[in-house]
Amino acid sequence: MAFGKGHHLHLIDGSAFIFRAYHALPPLTRKSDGLPIGAVSGFCNMLFRYIEDSAGPDAPTHAAVIFDKGSLTFRNEIYDLYKANRDEMPEDLRPQIPLTREATRAFNIACEEKAGYEADDIIAALACQAREAGGRVTIISSDKDLMQLVGGGVEMLDAMKNKRIGVEEVEEKFGVGPDRVVDVQALAGDSVDNVPGAPGIGLKIAAQLINEYGDLETLLERAGEIKQPKRRQTLIDHAEQIRLSRRLVQLDCDTPLDFTLDDLEVKEPDAEVLLEFLGRMEFRTISKRVAEKLGVEAPAIEDQGAAQADAPPVPEAVPFDAEAYECIRSMTQLDAWLDRIAAQGYVAFDTETTSLSEMRAELVGISLAIAPGRACYIPLAHRSGEDDMFGGGLSDGQIGKDLVLEALKPMLEDPAILKIAQNAKYDAKILSRCGIEVAPLDDTMLLSYALHAGLHTHGMDALSERYLGHNPIPIKELIGSGKSQITFDRVPIPDAVRYAAEDADITLRLWQHLKPQLHAGRVTTVYETLERPLIPVLARMELEGVKVDRNVLSRMSGAFAQKMAELEADIHALAGEPFNVGSPKQLGEILFDRMGLEGGKKGKTGAWSTPADVLEDLATVHDLPGRVLDWRQLSKLKSTYTDSLQDHINPETGRVHTSYSIAGANTGRLASTEPNLQNIPIRTEEGRRIREAFVAEEGKVLLSLDYSQIELRILAHIAGIDALREAFRDGVDIHALTASEMFGTPVEGMDPMIRRQAKAINFGVIYGISGFGLARNLRIPREDAQAFINRYFERFPGIKDYMDATTKFAKANGYVETLFGRRINTPDINAKGPGAGFAKRAAINAPIQGTAADIIRRAMIRMEPAIEGMPAKMLLQVHDELIFEVDEAAADEVSERVREIMEGAADPAVKLSVPLVVEAGRGPNWAAAH
DNA sequence: GTACTCACG
DNA sequence: GACGTACGTGAGTACG
């Protein structure tokens with residue numbers, strides 16, 4: 003019988019179900035393989051409860067769950083910013099989406115979606131058809147966008163509150179009947195969906211206007227009659243925008259559908275199909291309830307441990323036992339482990355190598371752990387202890403390295419098997435050099451960092467002691483230290499097994515401990531979008547390296563050495579005796595004891611302190627300190643840069659491969675080590691020339707793109723300083739504007755000294771300004787500095803408010819947050835004594851510095867897909883700058899693409915009220931590119 | 001190993 | 001009211 007009078011159609015808003023399930027539940031994972039499954043579990047529970055609740059005399063005859071498909075719809079063709087401010091879907095939700103469709107079908111409920119249309123449009127079309135056929139409709143959703151459909155036998159049900167929404171409730175909410183809801187919505191706009199509406203007009207006024215004029219078109223036509231001048235002007239000025247908004251909110255009753263109402267007839271679930279699905283998901287509790295309801299026997303779900311699939315895994319208290327670890331010496335043994343890993347879906351692993359330097363390290367062995375206490379070590383390249391001129395032969399009883407890697411590769415690259423490591427970037431790089439691209443990865447170091455930045459460090463030893471109460475075997479016990487240190491391939495295999503397998507065991511236990519905390523700590527998105535995806539991006543940058551011209555450095559070294567020798571002779575002559583210029587202690591004795599100069603301070607150790615600013619002051623009364631400053635500059639450049647950088651040129655690649663530490667800086671910034679390429683000189687002319695040694699390959703150029711004033715822009719946004727926001731929007735010189743606002747002088751023809759002071763204040767604000775600090779920076783009396791600050795706060799009260807509010811938040815919560823939700827803990831914020839000031843300034847600075855760090859991380863993560871296929875490689879990051887090596891011919895194209903990604907990096911998660919501006923340069927070397 | 005100094009954003 | 005202070009890093013050298 004065709005759908006008609008007496009029939010009752012239920013339409014379930016599937017996406018709403020999914021998101022509610024996702025956010026209501028902790029991040030559950032499937033016991034057997036760690037697949038995130040919380041949203042599916044919640045979804046099934048909701049569907050089941052819905053079926054139970056809707057039974058009875060008013061039970062539906064027809065039902066369907068309607069989903070959104072893709073994020074772009076015909077509305078984006080009308081208005082490209084429609085829903086543009088929506089957050090990206092959390093990464094642990096994405097894989098669950100197809101499973102919710104499967105769940106719907108398993109319950110034997112029709113499941114519909116259509117590309118290019120929102121679920122709301124399908125719901126609209128079905129509701130209209132059902133209404134015309136004379137049937138009744140219940141839409142299970144609380145989405146106000148659907149309220150326009152209510153009436154004539156259509157009503158809504160808010161399943162959360164178990165409240166029916168009929169014509170009366172709609173009128174209560176919108177102040178007009180369902181047929182005029184779109185008119186009101188078009189006027190009021192919607193910040194959630196990014197529907198513009200009419201600026202300054204909200205629900206109340208919109209309803210009032212529509213009630214007065216009857217409908218939107220009439221209102222717009224007769225807008226000139228409105229008494230309130232501002233309201234009248236708004237409607238006249240924004241008429242087109244309002245009409246556009248109406249088209250955005252208007253649901254399409256004519257959405258083409260490739261099924262009919264009759265296809266939606268309610269059917270009993272097939273017990274076998276449904277229980278198979280629930281069993282596969284390892285949902286015990288709901289399986290049991292469903293089985294009871296359907297009157298069949300609940301199937302057994304294999305119990306793989308103490309924890310159940312639909313409860314968070316509880317790490318078992320298994321004692322550490324180094325003797326229980328297995329040493330893999332045959333392929334049969336290895337295959338057994340691979341079988342267990344495939345069945346389980348996750349594994350913790352660790353690589354052992356000959357060096358901590360990823361570009362020089364050779365793989366020696368791999369350890370695996372599948373459960374607490376269940377770990378193994380696969381020795382690959384251990385050598386016998388005997389020294390001979392060939393470095394000793396391979397120890398007996400090892401499967402060949404190539405064979406093992408060939409066997410491991412499918413597992414390590416299997417997208418269905420999660421690989422867990424501590425500092426996974428290291429292991430990923432080592433394996434990448436062996437031709438294996440490990441994915442997907444979880445990293446216990448980054449879990450700890452996302453959860454606890456600022457509380458403690460995130461090295462494995464520290465984490466193990468803190469969270470597992472276990473001190474791992476120190477590596478020194480195996481390889482010694484200092485001169486007699488040996489490489490790991492020389493460690494006897496039985497010792498290596500105890501050490502290496504323990505590391506994998508610890509990593510697995512840490513993962514079980516930390517991963518479930520992400521959700522409660524509200525840092526799942528941070529971990530999934532800002533930490534985890536960065537691992538492969540940085541690994542590739544580090545493996546690529548940057549070309550450094552040894553000759554340039556070596557020439558500079560020689561020149562520096564010569565100049566230093568001359569300066570040293572001068573200094574000794576001026577001092578009247580030879581001494582070690584590089585020793586602050588000896589220098590202090592010469593300056594302050596022998597020569598009797600004033601202004602010296604002693605450090606904690608009682609030795610004279612001789613930092614640059616003290617020597618600069620002394621330079622006005624004597625020649626010696628100035629020479630020492632010159633000498634120091636050269637000494638720094640020579641030892642840290644021209645000499646040491648040469649040692650970092652990899653003999654195989656001819657390039658320098660830095661390593662970025664992701665969890666080093668508390669604020670979210672990266673840190674570069676071995677060598678540090680984030681502090682290559684630029685501020686002095688002599689230092690800047692070091693950058694000439696960083697070069698592009700023949701036929702290529704270096705591109706450098708950096709964010710202009712990103713931290714000040716973020717401050718202007720967060721603190722909501724209109725004057726600064728406008729200045730950034732208009733591209734005004736921000737420091738000159740600050741000076742102008744403070745001293746009332748015009749921006750045009752600004753005195754450079756005044757501008758310099760304003761610039762110092764702007765920077766000071768980012769650092770948690772103090773009179774003392776500004777005074778020292780500007781070399782002015784403290785009272786003057788304080789007067790500047792007072793004036794600044796008077797002119798920009800929002801900045802003071804931000805600083806006070808941030809401090810207050812930190813004191814109340816023990817942490818601060820970036821705009822993207824990164825948490826930086828501030829454990830010392832409530833301390834008394836001198837530490838309090840530090841903590842307060844750090845708390846003020848962290849959201850600003852951290853937000854900037856988040857933005858460039860987002861840009862880097864999006865960069866690889868964005869420039870895919872272009873002859874370009876991302877090489878370096880220097881906090882607000884990215885450096886690329888690009889084919890000369892493609893430089894323009896790449897530069898513009900990169901700029902686009904960088905300038906849009908905050909979108910769509912955060913809508914900044916200031917533009918991000920990126921400045922680009924290029925050249926044969928870094929000095930020319932910057 | 002710690003302190004000092006200085007390179008960068 | 002005194003005290004001590006700009007935020008975030010890494011690395012090289014001296015010195016105990």
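So the first sequence is numbered by our numbering: it starts at 3 and just counts up by one. Ideal Cβ placement from N, Cα and C applies to all residues, glycine included. Quantities reported herein were computed from a predicted structural model and do not represent experimental measurements.
Review point. So the beta strand (DSSP E) P381 belongs to, where does it begin and stop?
Key: R376 to P381
Check your understanding: In chain order, which continuous runs of the beta strand (DSSP E) of length 3 or greater are located wholly inside the region 108 to 136?
Key -> For secondary structure counted as the beta strand (DSSP E) over 3 or more consecutive residues, the region 108 to 136 holds these complete runs in sequence order: 112 to 114.
Check your understanding: Going by the beta-carbon positions, is the gap between C255 and A127 smaller than 7 Å?
Key -> yes
Review point. Helix or strand or just coil, what does DSSP make of N980?
Key: Past the boundaries of the shown model lies residue 980; the chain is included only from 3 to 932, so the question cannot be answered.
**Study point:** CB of Y84 within 7 Å of CB of L250, strictly
**Key:** The Cβ atoms of Y84 and L250 lie closer than 7 Å to each other.
Review point. When we look at the beta-carbon of G44 and count the other beta-carbons within 10 Å, is it buried (16 or more) or exposed?
Key: That one is buried.
**Study point:** DSSP-derived helix/strand/coil call for H574
**Key:** helix
Check your understanding: M149: buried (16+ other C-beta within 10 angstroms of its C-beta) or exposed?
Key -> M149 is buried by the Cβ-count criterion.
Review point. What are the partner residues of I712, as DSSP defines its beta bridges?
Key: Answer is none; I712 lacks a bridge partner.
Point to revise | Pick from G297, K640 and I495 that is closest to E328, judged by C-alpha positions | key: I495
Exercise for review: Could you tell me which residues DSSP pairs with D505 in its beta bridges?
Suggested key: According to DSSP, D505 bridges with nothing at all.
Exercise for review: My understanding is that I651 touches V550, with C-beta atoms under 8 Å, so please give their C-beta distance in whole angstroms.
Suggested key: Right, the Cβ-Cβ distance comes to about 6 Å (below 8 Å), so this counts as a contact.
Check your understanding: According to the Cβ coordinates, are L510 and L449 closer than 7 Å?
Key -> For the pair L510 and L449, the CB atoms are not nearer than the 7 Å cut-off.
Review point. What residues are listed by DSSP as bridge partners for G925?
Key: L704
Practice item. In the DSSP assignment, find the beta strand (DSSP E) that holds F176 and state where it starts and stops. Key: Per DSSP, F176 belongs to no beta strand (DSSP E); it is in the alpha helix (DSSP H), V169 to F176.
Practice item. Run the CB neighbour count on P317, radius 10 Å, all protein chains shown included, and call it buried at 16 or more, exposed below. Key: Any reading at P317 needs caution, since the residue's pLDDT is 46, under 50, leaving its predicted position unreliable; the model's value is listed next. With 16 or more Cβ atoms within 10 Å of its Cβ, P317 is classed as buried.
Check your understanding: L617: buried (16+ other C-beta within 10 angstroms of its C-beta) or exposed?
Key -> Its Cβ being crowded by 16 or more others within 10 Å, L617 is buried.
Review point. Below 7 Å between beta carbons: does that hold for Y804 and A721?
Key: In contact: Y804 and A721 (Cβ atoms closer than 7 Å).
Check your understanding: Three or more beta-carbon pairs under 8 Å between the region 603 to 623 and the region 583 to 592, yes or no?
Key -> yes
Review point. When the distance is taken between beta carbons, is F351 closer than 7 Å to A423?
Key: yes
Check your understanding: Which runs of the beta strand (DSSP E) spanning at least 3 residues fall entirely within the region 324 to 371, listed in chain order?
Key -> 348 to 355
Review point. What number of angstroms, rounded off, separates the C-alpha of S915 from the C-alpha of Q210?
Key: 31 Å
Review point. Is it true that the CB of T257 sits closer than 7 Å to the CB of I124?
Key: yes
**Study point:** Cβ-Cβ distance between E654 and P92 below 7 Å
**Key:** no
Practice item. Report all residues from its chain with a CB closer than 6 Å to the CB of G307; omit the five preceding and five following residues, and keep chain order. Key: Residue confidence is low: G307 scores 39 on pLDDT, short of 50, so the model does not pin down where it sits. No coordinate-derived value is stated.
Practice item. Would you mind working out which of F21, V152 and P476 sits nearest Q98, comparing C-alpha positions? Key: F21
Point to revise | D444 to P535 span [Cα, whole Å] | key: 10 Å
Point to revise | Through-space distance from L49 to T102, alpha-carbon basis | key: Distance from the CA of T102 to the CA of L49, rounded to the nearest whole angstrom, comes to 10 Å.
Practice item. Taking P247 and V197 to be in contact with their CB atoms under 8 Å, please state how far apart those CB atoms are, rounded to whole angstroms. Key: Reading the sequence as shown, one finds Ser at residue 247 and not Pro. With a Cβ gap of about 5 Å, S247 and V197 count as contacting.
Point to revise | Member of G155, A854, E120 and C113 whose CA lies at the smallest distance from the CA of A129 | key: The shortest C-alpha separation from A129 is found at G155.
Exercise for review: Measure the Cβ-Cβ separation of R629 and D572 and say whether it is below 7 Å.
Suggested key: In this structure, D572 lies closer than 7 Å to R629 by Cβ.
Practice item. Drop a sphere of 10 angstroms on the beta-carbon of F322, count the other beta-carbons inside from all chains shown, and report buried for 16 or more, exposed for fewer. Key: buried
Check your understanding: Which residues mark the beginning and the end of the alpha helix (DSSP H) in which V630 is found?
Key -> L626 to K638
**Study point:** I419 versus D35, R924 and I481, residue with shortest Cα-Cα distance
**Key:** D35
Review point. What separation, rounded to the nearest whole angstrom, lies between the Cα atoms of E439 and L433?
Key: 7 Å
Practice item. In angstroms with no decimal places, state the Cα-to-Cα distance between F790 and L739. Key: Near 15 Å, if we compare the C-alpha coordinates of L739 and F790.
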